[in-house]
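The structure appears right after this line, and notes come after that.
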Amino acid sequence: MYNRRMKISSLNPYVYYATRYPFSKGQSSAPRICYGSSLYLISEGHGVIHTCGRTHKTRPGSLVYIPPGQIHEWIADDRDPMVHICCYFDWHFVDRQARFETPSSICYDFPQLHTDMIGPSFYYPIPEHSTVERIRVWTELFEGFYTANEYVSERTMMRNLKVQSRFQGFIEHFLSFTLNEAQIPDPRMDKLLERLDQDLMRGRPEPLEHYYEDLKISRGYFFELFKHATGMSPIQYMNRFRINRAKYDLRNSQLSVTEIAEKHDFSSVHYFSRLFHQITGASPLQYRRGQE
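Its first residue numbered 14, the sequence shown is counted upward by one per residue in our numbering.
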């Protein structure tokens, strides 16, 4: 394995090539290394994948993830060869145009491998082989971002935006399926945080009990889910949200500190200044002067 692990803040999945690929009977891909990540759904037939000393038998519903830089080889069944619904992507865009003719490249001659072109691996471990039950649902998701293995041009820019948007929705579905509960927050919190952010933007957040009563969960469990999703308590989250908006005004407006405190619904300028210093390590005036 040659690839480097990405920073979670750089997550912006980008697909280069997605297609349907039927194997012939007994066909082998030969040992190879993909420069980007690759994901395969076996929609029909059978086969095996060899990688890093491991062998996985594949059948309809098999979902195989290979991280960038990992040697692997596919071999189709002699009688019932598999069909791949597959995509080649990076967890954030990697520009390889100066080095390769196509954006998604595969190396078969390992001494010629360009290790600096290998994309980042995901922040969390992803299972190499899993099984999905609703194959048609997954196939339809893949079909939404089928794309040729070509660099984007002025003529394909708008279509590429649509492809990438659909692909990112697919990756959200994939990660929700494949990561365990300890790694991803409860999906109910996504909708709650969207609502809370909108309420904070309007300056009208509801009392906390309105949020957890809508979820029909207890106050204690709500705080537990919130901390897992954000790393903060609800009050800490709301305070940081308002302080970040205040920082924007300190950088980009002529409003006084008192006016900014009032604008963002702090109870007093003294409380605003104390909280601002606690979170940023500087007073509002020190922060403003540091941005000048």
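Think of the CB as a built atom: it goes at the ideal place given N, C-alpha and C, for glycine as much as any other residue.
Within 7 Å, strictly: CB atoms of residue i and residue j
i	j	result
A31	C100	yes
G58	P94	yes
R172	G157	no
V306	A295	Residue 306 lies beyond the range of the chain shown here (14 to 305); nothing can be said about it.
Y78	M130	no
R301	L263	yes
F36	A89	yes
Y152	S56	Going by the sequence as given, residue 152 is Thr instead of Tyr. Yes, the pair counts as a contact, with Cβ atoms nearer than the cut-off.
L206	Y224	no
F289	I256	yes
L228	R201	yes
I84	I46	yes
L213	F254	yes
Whole-angstrom C-beta distance between residue j and residue i, which should lie under 8 Å
i	j	result
S51	G132	With 8 Å as the limit, S51 and G132 do not qualify as a contact, their Cβ atoms being about 10 Å apart.
L24	W104	6 Å
I292	Y136	With a Cβ gap of about 25 Å, I292 and Y136 do not count as contacting.
T115	E163	7 Å
G39	D91	5 Å
P247	V270	That pair is no contact at about 26 Å.
Alpha carbon of residue i to alpha carbon of residue j, nearest angstrom
i	j	result
I230	L238	10 Å
H63	S189	26 Å
E219	M251	11 Å
S166	F285	49 Å
R215	Y34	50 Å
W87	I98	14 Å
L268	K260	11 Å
C65	P44	11 Å
L54	F102	15 Å
A242	D199	7 Å
D278	G303	24 Å
V96	V150	16 Å
H142	H69	7 Å
D203	G60	38 Å
S306	S280	Beyond the ends of the chain as shown, which are 14 and 305, falls residue 306; an answer cannot be given.
K240	E226	17 Å
F113	F106	15 Å
G233	E222	11 Å
V145	R67	20 Å
Q181	S41	30 Å
Q299	Q177	42 Å
Q249	E272	22 Å
Residue of the options minimising C-alpha distance to residue i
i	options	result
S117	P138, T160, F155 and K175	T160
K175	G60, T271 and Y27	Y27
R18	S134, H85, F106 and V96	S134
D210	G244, R258 and L154	R258
R217	Y29, E146, K276 and G233	K276
Y29	F155, S41 and E272	F155
R147	Q181, Q177 and F187	F187
Cutoff 7 Å: residue i Cβ touching any chain C Cβ
i	result
I248	Absence of chain C from the displayed structure is noted, only one protein chain being present.
Residue i: CB within 6 Å of a non-hydrogen atom of the ligand HEM
i	result
V61	Looking for the ligand HEM in the displayed structure turns up nothing, as the structure carries no ligands at all.
The segment 120-128 in contact with the segment 62-79 per 3-pair CB rule at 8 Å: no
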